[in-house]
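Have a look at the structure below, then the notes.
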Amino acid sequence: MRRTTVSLLALAFFAALAAPYANEYDAYGGWRNLKGEKTGFFHAQRIEGRWWLVTPEGNAFFSKGVDNVSYAPEADSSPKAPDDLAAWAATAAGQLHGWNFNTAGAWSASQLYTTGIAYAPVINVAAGVQRDVWLKGGVVDYFSQEFRDAADRVAQRMCAPRAKDPWLLGYFTDNELRWGKDWRSGESLLEGYLKMPETSAGFLKASGFINARGHSPGSLTDGDQNDFLGMVAKEYGRVTHDAIRKYDPNHMILGCRFAGYPGDSVIAAVGEYFDVISFHSYNSTPPVDRLEQITKLTGKPTMITEFSFKAMDSGLPNTKGAAKPVATQEDRATGFRTYVEALAALPGCVGYHWFEYRDEPKEGRRLDGENSNYGVVRVDFTPWETLTKRMAQVNAGIEELHAKAGRR
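Just so you know, we're using our numbering here: the sequence shown kicks off at 98 and counts up by one.
See below:
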């Protein structure tokens, strides 16, 4: 009983902070000043020349989210989870609402799903074949029966139970898959497919592709690699789309969370199957040109689903993890404002998700040793007040900025 009382008090406190916000927005965080189609589920729609998401109640929605809203320990020294995770989740949702966020982004705890905030899980379709594929940069045979079967299993497990949930924003299909040469490998996907077993669907597809062009594994051109990459992306998009739609016809497919620009051939291919193209960028300014290019190629809206600023006055090392550190928490707050206001000015952008809810431990998180000041709260869950106050102020005006920019 005591934990429940504490949670309710916390919710009341954050509700008071968000009172002006609540008056302008529907229960889902949709902006009442602009209407879209009312379908009972979140969806994407062009309204007055701008892309928006639309809430189940039919109001315009700009997804303002935080990733990894979780109590899961990242290191042995992390605070242990409370006995009542549901009470913690209610308090965390109250914090997000108090800072005028409306979405629990990727990696957020499932306890958030019933707290009255939109949520967007990563369902890990490719990872259903190869665990930690994003971390290792592995190559999955998207042409194989194994991948089709895995996609079906994942969608049945992850999507079927949520098909009627109005709080589900949509599904991220995977996280940071490798689409070519990057920090994880210097090998193209065509080169990788040509190294697969000779009886595999992927090898047969790749070898047939280069044979038809009169080429060999030793004489691949940039055109070969780019065109084959588009074929791979198309198959990935088709299989994941069809599996999700088999079990859930109602919710958006939010993309595979690109870690960097994968090339026009990939974007054009998956654009046929995704409702939103999700993209990560840890630069100090948003990739405006890239986002505009994505919308031009696909005719679909975009979201930045990871970005962040970390500061050296946090006491954390900030030696592992994306982005160059800034000096102070004030710099973090200023960086946030500049970044998201530039996104709101884009006709094709429908949201941003900050990485992440909680700071990483100074000794490094278990997964990969990251030790950075990404959090809106410290490791002990106390908020970074300079940052969160600015977030609350900026978030409250984003919809109006997005709408006004569309009328220029």
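Heads up, the beta-carbon is just placed ideally off N, CA and C, and yes, glycines get one too.
If you're wondering where the values come from, they're calculated on a predicted model, not measured in any experiment.
If you draw a straight line from the Cα of residue 257 to the Cα of residue 489, it comes to about 35 Å. Between the beta-carbon of residue 392 and that of residue 445 there is about 3 Å, and that keeps the pair under the 8 Å contact cut. Closest in C-alpha terms to residue 191, from the list 499, 339 and 215, comes 215. Per DSSP, residue 322 is one residue of the alpha helix (DSSP H) stretching across 319–344.
Counting only the Cα atoms, residue 306 lies some 42 Å from residue 163. Under the DSSP assignment, residue 124 falls outside any alpha helix (DSSP H); it carries neither an H nor an E label.
Closest in alpha carbon position to residue 157, among 364, 372, 408 and 122, is 122. Only exposed fits residue 254, as fewer than 16 other CB atoms lie within 10 angstroms of its CB. Following the DSSP letters along the chain, one finds residue 141 inside the beta strand (DSSP E) bounded by residues 140–144. Per DSSP, reduced to three states, the secondary structure at residue 401 is strand. Secondary structure note for residue 385: its alpha helix (DSSP H) is the uninterrupted segment 385–395.
Put simply, the segment 190–204 does not touch the segment 239–246. Fewer than three CB pairs are less than 8 Å apart. Counting along the chain, the unbroken beta strand (DSSP E) around residue 156 starts and ends at 156–158.
At least 8 Å separates the beta-carbon of residue 172 from that of residue 448.
In the three-state scheme derived from DSSP, where H, G and I count as helix and E and B as strand, residue 161 is classed as strand.
Nearest Cα to residue 389 within the set 440, 312, 222 and 226: 440. Comparing alpha-carbon positions, the option among 319, 329, 228 and 221 lying closest to residue 276 turns out to be 329. Contact check for residue 453 against residue 491 fails: the beta carbons are separated by 8 Å or more. Restricted to the segment 344–387, the beta strand (DSSP E) segments that are unbroken, complete and at least 3 residues in length are 374–377, listed in chain order. C-alpha of residue 340 to C-alpha of residue 251: approximately 8 Å in a straight line.
Out of 326, 125, 500 and 301, the CA that lies nearest to the CA of residue 263 is found in 125. Following the DSSP letters along the chain, one finds residue 448 inside the beta strand (DSSP E) bounded by residues 446–451. Membership of residue 151 in the beta strand (DSSP E) is indicated by the continuous run 147–151. The residues 208, in chain order, have a CB closer than 6 Å to that of residue 182 in the same chain once the five nearest residues on each side in sequence are set aside. Look at residue 455 here: in three-state DSSP terms it is strand.
The Cβ atoms of residue 238 and residue 334 do not sit closer than 8 Å to each other. Per the coordinates, the alpha-carbon of residue 378 lies some 5 Å from the alpha-carbon of residue 404. Counting of Cβ neighbours within 10 angstroms places residue 286 among the buried residues, the total reaching 16 or more. A check of alpha carbon separations from residue 149 across 166, 472, 167 and 130 identifies 130 as the nearest.
Listed in chain order, the non-local C-beta contacts of residue 427 below 7 Å within the same chain comprise 483, local neighbours out to five positions each way being set aside.
CA-to-CA, the gap between residue 342 and residue 146 works out to about 28 Å. Here the alpha carbon of residue 366 sits roughly 5 Å from the alpha carbon of residue 331.
Only buried fits residue 185, as 16 or more other CB atoms lie within 10 angstroms of its CB. Look at residue 200 here: in three-state DSSP terms it is strand.
DSSP places residue 239 in no alpha helix (DSSP H); its state is neither H nor E. As DSSP reads the structure, residue 269 sits in a beta bridge with 219.
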